[in-house]
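For our numbering, add 105 to where a residue sits in the sequence shown, where the first one is 1.
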Amino acid sequence: MASPIGFKSSCRTTSSRGKLSNELPLPSWTNGGACVVPGKAVDVSTYPASGEKVVPTRSDDVAVNDDEERVSDDEDRLDSVIVTGYDAAQYLLSLRDDFEPALTFRSIVVASAWNAARAVMSHSARLYSMIKQDAEERQSRNPKVDRFRPSFSPADGDEIASISVRHISYYFTTKVFVKRQPHTDELGLDGFGNPMVNPYIADRLRNEAAVLQFVAKHTTIPVPEFLDLWEENELVYLKTALVENAVELRHVDESLLPMAIMSVTAQLKSDILPQLRRLRRNFMGSPNPELPVIPPRRLWRFREKRVWPSMTKDTDDYVLCHTDLDRQNILVDPNTFKIVSILDWETAGFFPQEWELPLWTINGPQEKSRMTKEAHRREIACFDVSDTTILAGLRALFEIPV
């Protein structure tokens, strides 16, 4: 990222004999401030210094160039670039603020703050545009009327976009992100004419609220800030803070994706996964023991309605797993690939450590299908079948004959 004090000039001398052209304007606040510097030509279009004096340079301070053609042809080479604090002191600030240190310091602070604010505003605009475009594309494939929109307060910011499809609804504002449980009328019918089922959806949102608070309290893993969980129209709504200054790992430029995946893998293995594995329990399921056990998606059966047994053990063999560390659930800094946030903790819970699959490394649905099918077989077989309670629960769950 460029230094907050980094400017490239666009105003230049037009004389090659040591004279400043009479046509050279002295810009004001509206066009960025002073740009007259001895022997240099500097534009401070992003350097606001309202009301400060412009000190004109003496004509003999201007660099002499005998080759007039070169002046016009190679103007860009005569530009001065202010990047570091030293550059600013040498080429710019020495003629600003009447040589008063206090005013010079003020200029540096104002310039730094202004450019930082511009960078943030620019990035936010790109983020909002990306969210809106993605929402419009998804909604165009699933057009329907949303009759259960949440109510937003002024503190939630302005609404950017919403996505309301059959299995879930999302709402984005400039400050928050809301998930909503679908209404039964929105789910429709399956291919056999039976009402569709979105497995565990209400309890998944309740579980995510519990996990977000648990992880934030006991680890340094970056997660969205939990804000609220409520019921409205007999539906569950979950609100978190909107994560900014990041992109989904899957949206990293294709040419940079291998490098990004290597960086993310290193961060997960060295920091995030070890922290999760230090959180242990002797029972499966949510950090909130009042919620039912919500298994990873790969263990759901078609039109799943069952509740898993608790499957407790005498030792703390179960660790906290995310269970869905796919690329769309990992937000990274687009420049450094540092993990900014981990999303979508709906099916997280205490499970065997091996249930955390490296889904972020796979390429394409076929590879993911192979990985999840193999994991399904391993995960069913990993239970201690000598434990009669667990064995009975598994037989009932997966309809295994005695």
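Glycine included, each C-beta is placed from N, C-alpha and C at the ideal position.
Tell me residue i's beta-bridge partners as DSSP assigns them.
i, result
"residue 454", "426"
"residue 277", "266 and 282"
"residue 346", "281"
"residue 333", "344"
"residue 386", "423"
"residue 437", "352 and 444"
"residue 53", "Within the shown structure, residues of the chain are numbered from 106 to 507, placing residue 53 beyond reach of any answer."
"residue 300", "294"
For residue i, tell me which candidate among the options has the shortest Cα-Cα distance.
i, options, result
"residue 428", "355, 440 and 450", "450"
"residue 359", "399, 468 and 249", "468"
"residue 401", "236, 245, 252 and 306", "306"
"residue 253", "308, 345, 341 and 325", "341"
"residue 339", "285, 361, 387 and 239", "285"
"residue 387", "458, 244 and 262", "458"
"residue 382", "326, 435, 365 and 352", "326"
"residue 348", "303, 361, 330 and 363", "330"
"residue 434", "426, 447 and 453", "447"
"residue 453", "378, 438, 474 and 437", "378"
"residue 235", "319, 278, 256 and 479", "278"
"residue 384", "483, 438 and 324", "324"
"residue 481", "466, 311 and 462", "462"
Taking the beta carbon of residue i as the centre, do at least 16 other beta carbons fall within 10 Å, making it buried, or is it exposed?
i, result
"residue 472", "exposed"
"residue 283", "buried"
"residue 116", "Here residue 116 scores only 40 on pLDDT, less than 50, and its place in the model should not be relied on; the value that follows carries that caveat. So residue 116 ends up on the buried side."
"residue 354", "buried"
"residue 241", "exposed"
"residue 370", "exposed"
"residue 423", "buried"
"residue 432", "buried"
"residue 335", "exposed"
"residue 455", "buried"
"residue 149", "Bear in mind that a pLDDT of 46 at residue 149, under 50, signals an unreliable position, so the model cannot answer this."
"residue 250", "exposed"
"residue 404", "buried"
"residue 333", "exposed"
"residue 260", "exposed"
"residue 351", "buried"
"residue 248", "exposed"
"residue 344", "buried"
"residue 430", "buried"
"residue 368", "buried"
"residue 319", "buried"
"residue 287", "buried"
"residue 256", "exposed"
"residue 263", "exposed"
"residue 395", "exposed"
"residue 232", "buried"
"residue 139", "With a pLDDT of only 44 at residue 139, under 50, the local geometry of the prediction cannot be trusted, and no value is derived from it."
"residue 365", "buried"
"residue 266", "buried"
Terminal residues of the continuous beta strand (DSSP E) containing residue i?
i, result
"residue 444", "444–447"
In terms of residues, what are the limits of the alpha helix (DSSP H) holding residue i?
i, result
"residue 306", "306–323"
"residue 368", "362–372"
"residue 381", "378–382"
"residue 291", "289–292"
The segment 266–276 / the segment 291–304 touching (three or more Cβ pairs under 8 Å): The segment 266–276, when compared against the segment 291–304, does touch it at the 8 Å Cβ threshold.
Touch test, the segment 361–375 against the segment 438–445, Cβ-Cβ under 8 Å, three pairs minimum: Segment contact: the segment 361–375 against the segment 438–445, three or more CB-CB distances shorter than 8 Å; contact assigned.
Given 8 Å, three or more beta-carbon pairs between the segment 386–398 and the segment 306–318: As far as the Cβ criterion goes, the segment 386–398 touches the segment 306–318, which means the pair count is three or higher.
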